[in-house]
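Everything in the sequence shown is counted per our numbering, starting at 1 for the first residue and increasing by one. Don't be surprised by glycine CBs; every beta carbon is placed ideally from N, CA and C. Here the structure is a predicted model, which means the values were calculated and not measured. Reviewing the structure listed below.
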Amino acid sequence: MDIELVQSTVSKVLDEMRLRPIPLGVSNRHIHLSAQDYERLFPGHPISEKKALLQPGQYAAEQTVTLVGPKGQLKNVRLLGPLRSVSQVEISRTDARTLGIAAPLRMSGNLKGTPGIRLVSPFAELELPSGVIVAQRHMPLSPRDALLLRVSRGERVAGG
């Protein structure tokens with residue numbers, strides 16, 4: 001076996017993989033619900049997939065809610081699936097001003113000390129005690145893609 005040929009071939013393949021485009025998207029306001037909160041808002045109605053997202057296994061659901069804050073409301077906020085262990089709402093800074101809440105800039109899942117909000121579905125209302133954030137920019141990558149791109153969790157990257 002020619003070691004130099006193998007190394008050269010592997011290097012070329014990895015270079016080609018690193019040059020392939022990475023799909024990126026801008027995430028609009030949305031909500032993730034726990035199974036318990038989903039059942040309270042949509043009793044007896046199974047979650048239904050509307051459209052697959054870029055992240056494997058995740059999807060935009062048909063179901064939407066209205067977010068109600070002290071100063072305003074946002075209608076038709078899309079539920080993303082699958083259901084999670086903890087409910088959270090991701091909005092923009094402009095949305096936070098519209099609602100009248102001080103949502104902190106955070107990575108998804110970092111919910112300690114966040115404000116709550118009222119959620120309204122066609123069937124019920126629910127007061128979420130916490131979980132509203134302005135989502136920090138991030139690139140969801142598989143471990144394989146992160147390895148190929150030579151980036152690690154939490155690392156800041158910039159385009160060129």
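Going straight from the alpha carbon of residue i to that of residue j, what length do you get?
| i | j | result |
| --- | --- | --- |
| S87 | S11 | 44 Å |
| M107 | D2 | 47 Å |
| V134 | I91 | 5 Å |
| L111 | V13 | 41 Å |
| Y59 | L5 | 43 Å |
| S48 | T9 | 45 Å |
| R150 | G81 | 29 Å |
| K50 | Q7 | 45 Å |
| G154 | D145 | 14 Å |
Closest to residue i by CA distance: which of the options is it?
| i | options | result |
| --- | --- | --- |
| L128 | H32, V13 and K71 | H32 |
| L79 | G44, E125 and S34 | S34 |
| T66 | N76, G57, A103 and R84 | N76 |
| Q55 | S142, R156, L147 and G154 | S142 |
| S121 | R84, Q63 and I101 | Q63 |
| R118 | L74, R137 and E16 | L74 |
Please classify residue i: does DSSP put it in a helix, a strand, or coil?
| i | result |
| --- | --- |
| K50 | strand |
| Q55 | coil |
| P43 | coil |
| S87 | coil |
| V10 | helix |
| P70 | coil |
| E155 | coil |
| R78 | strand |
| L149 | helix |
| P5 | Correcting the residue identity first, residue 5 is Leu in this sequence and not Pro. In the structure shown, L5 sits in a helix (DSSP, three-state: H, G or I). |
Report back the beta-carbon spacing between residue i and residue j to the nearest angstrom; my notes put them in contact at under 8 Å.
| i | j | result |
| --- | --- | --- |
| T98 | G72 | 5 Å |
| P115 | A102 | 6 Å |
What I want to know is whether the C-beta of residue i ends up closer than 7 Å to one or more non-hydrogen atoms of the ligand NAD.
| i | result |
| --- | --- |
| N110 | Looking for the ligand NAD in the displayed structure turns up nothing, as the structure carries no ligands at all. |
Starting from the N-terminal side, write out each stretch of the alpha helix (DSSP H) that is 4 residues or longer and does not extend beyond the region 94 to 139.
none
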